[in-house]
Amino acid sequence: MRTSTKTRTTTETDISLTLNLDGEGRYDIDTGCGFFDHMLELFCRHGRFDLTLRCKGDTDVDYHHTVEDVGIVLGTAFHEALGDCGGIQRYGFFLLPMDEALCQIAVDLGGRCTCECDFSFSSPKAGDFDAELTEEFLLALCRSMPACIHVRQLAGRNTHHIIEACFKGLGRALRQAVAVDPALNGEIPSTKGVL
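So the sequence shown is numbered by this note's numbering: it starts at 12 and just counts up by one.
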């Protein structure tokens, strides 16, 4: 079982998380931010990851610390659950339409930390969620995984749709990247022999 249970407590957030990479897309998520919860639920459903997540954060200030710290802990859980990455596909790519929005997501679990985002939000918020926190989540995730994540918005006017396309597409791309390739017979997918 490729699973991980993590906790992280700071003066800004208190997080507990359990992740199963080989799940069925089940989730039980409460971060104190309804929109962010919904995006993580979509991420899990489309990635087929099982996730239980609780975060108590300083949401009286805003959602920044909550979103960033969840990204840190989730990325750390992915890293632990993947172990030495033996036999995984390593790369994932998805082009996801969401009504008028279209997002392209590419992932490499090769151990390098890069996050490139190209968004053009028509509104600074989706509900009470600051749209710019989408990139903060992705940055925190890629740094702690570590991974190379590229997200490009190719079309879209509705901020909610753009962010939703990003989270769904990220789930699908990561689902491909973490998938075990039987042809590799447990080999590390790199000429270096390590990731």
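For every residue, glycine included, the Cβ atom is placed at its ideal position computed from N, Cα and C.
Between the CA atoms of residue j and residue i - distance to the nearest angstrom
{"i": "Ile199", "j": "Thr16", "result": "24 Å"}
{"i": "Gly121", "j": "Leu152", "result": "14 Å"}
{"i": "Asn31", "j": "Phe60", "result": "6 Å"}
{"i": "Gly82", "j": "Phe148", "result": "5 Å"}
{"i": "Glu146", "j": "Leu181", "result": "12 Å"}
{"i": "Gly98", "j": "Gly36", "result": "22 Å"}
{"i": "Arg123", "j": "Ala158", "result": "5 Å"}
{"i": "Ser27", "j": "Thr20", "result": "9 Å"}
{"i": "Cys96", "j": "Glu127", "result": "23 Å"}
{"i": "Thr29", "j": "Leu64", "result": "7 Å"}
{"i": "Asp129", "j": "Val162", "result": "6 Å"}
{"i": "Asp48", "j": "Gly94", "result": "27 Å"}
{"i": "Gly43", "j": "Lys67", "result": "7 Å"}
{"i": "Phe46", "j": "Val205", "result": "37 Å"}
{"i": "His90", "j": "Phe104", "result": "19 Å"}
Residue i in three-state terms, based on DSSP
{"i": "Cys55", "result": "helix"}
{"i": "Glu146", "result": "helix"}
{"i": "Thr87", "result": "helix"}
{"i": "Glu35", "result": "coil"}
{"i": "Ser155", "result": "helix"}
{"i": "Ile174", "result": "helix"}
{"i": "Leu185", "result": "helix"}
{"i": "Thr14", "result": "strand"}
{"i": "Glu198", "result": "coil"}
{"i": "Asp48", "result": "helix"}
Per DSSP, the bridge partner or partners of residue i
{"i": "Gly68", "result": "Thr24"}
{"i": "Leu113", "result": "Pro108 and Ala166"}
{"i": "His161", "result": "Ala117 and Glu127"}
{"i": "Val191", "result": "Ile99"}
{"i": "Lys19", "result": "Reading off the sequence, residue 19 comes out as Arg, not Lys. Answer is Ile26, bridged to Arg19."}
{"i": "Leu62", "result": "Leu30 and Tyr38"}
{"i": "Lys272", "result": "The structure shown has nothing for residue 272, since the chain only spans 12 to 206."}
Local Cβ density within 10 Å of residue i, reported as buried at 16 or more and exposed below that
{"i": "Lys179", "result": "buried"}
{"i": "Met156", "result": "buried"}
{"i": "Glu52", "result": "buried"}
{"i": "Asp39", "result": "exposed"}
{"i": "Met12", "result": "exposed"}
{"i": "Leu165", "result": "exposed"}
{"i": "Gly138", "result": "exposed"}
{"i": "Ala188", "result": "buried"}
{"i": "Ala92", "result": "buried"}
{"i": "Val72", "result": "exposed"}
{"i": "Gln18", "result": "Inspection of the sequence shows that residue 18 is occupied by Thr rather than by Gln. Per the 10 Å Cβ criterion, exposed."}
{"i": "Thr24", "result": "buried"}
Of the listed residues the options, nearest to residue i (C-alpha basis)
{"i": "Cys54", "options": "Phe89, Glu175 and Ile99", "result": "Rather than Cys, the amino acid found at residue 54 in this sequence is Phe. Nearest of Phe89, Glu175 and Ile99 to Phe54, Cα basis: Glu175."}
{"i": "Leu62", "options": "Thr77, Gly34 and Glu79", "result": "Gly34"}
{"i": "Met41", "options": "Arg13, Glu23 and Val78", "result": "The amino acid occupying residue 41 in the given sequence is Asp; Met does not appear at that position. Comparing Cα positions, the closest option is Val78."}
{"i": "Ala88", "options": "His172, Phe140, Thr14 and His171", "result": "Thr14"}
{"i": "Leu150", "options": "His57, His75 and Gly58", "result": "His75"}
{"i": "Asp141", "options": "Asp110, Cys114 and Ile173", "result": "Ile173"}
{"i": "Val191", "options": "Ala112, Ile116, Gln100 and Lys203", "result": "Gln100"}
CB contact check: residue i to chain B, cutoff 9 Å
{"i": "Thr77", "result": "Absent from the structure is chain B; it holds one protein chain and no more."}
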